[in-house]
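Asker: Using UniProt numbering, the first residue of the sequence shown is number 1, and each one after it goes up by one.
Built from N, CA and C at the ideal position, the CB exists for glycine as well.
In this text the structure is predicted, and so the values were computed from the model without any measurement.
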Amino acid sequence: MQWQGAFMVVDPLTLSAIVHAQREDSRELASGDEGKQREGTVTDSQVAMQMYREDL
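#1: Quick check for students: name the residue ranges of the alpha helix (DSSP H) that lie wholly in the UniProt region "Disordered" (24 to 56), counting only runs of 4 or more.
#2: So, under 8 Å CB-CB, methionine 49 and serine 26 are touching, yes? Tell me the CB distance rounded to an integer number of Å.
#3: On a Cα-Cα basis, can you pick out the residue from Val9, Met8 and Arg23 that is closest to residue 58?
#4: Distance check for glutamate 28 and serine 16, CA to CA, integer angstroms please.
#5: Can you grab the Cα-Cα spacing for the pair serine 45 / arginine 38, in whole Å?
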């Protein structure tokens, strides 16, 4: 994978730490959204969060 933009000067360990922190943040945000809708339904924010995690 060829890095572009600002990530061209970030070393792999720093980049890994950034992604790890973003994953932790997404888990924390998602945990606050549980149980607030009917069973079997998915909110727009849950779909957005899932897409965000997949991008990471």
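Answerer: Let's see:
#1: Correct list: 44 to 55.
#2: Sure, about 6 Å apart at Cβ, within 8 Å.
#3: In this structure the chain extends from 1 to 56, so residue 58 is not present and cannot be described.
#4: 18 Å
#5: 14 Å
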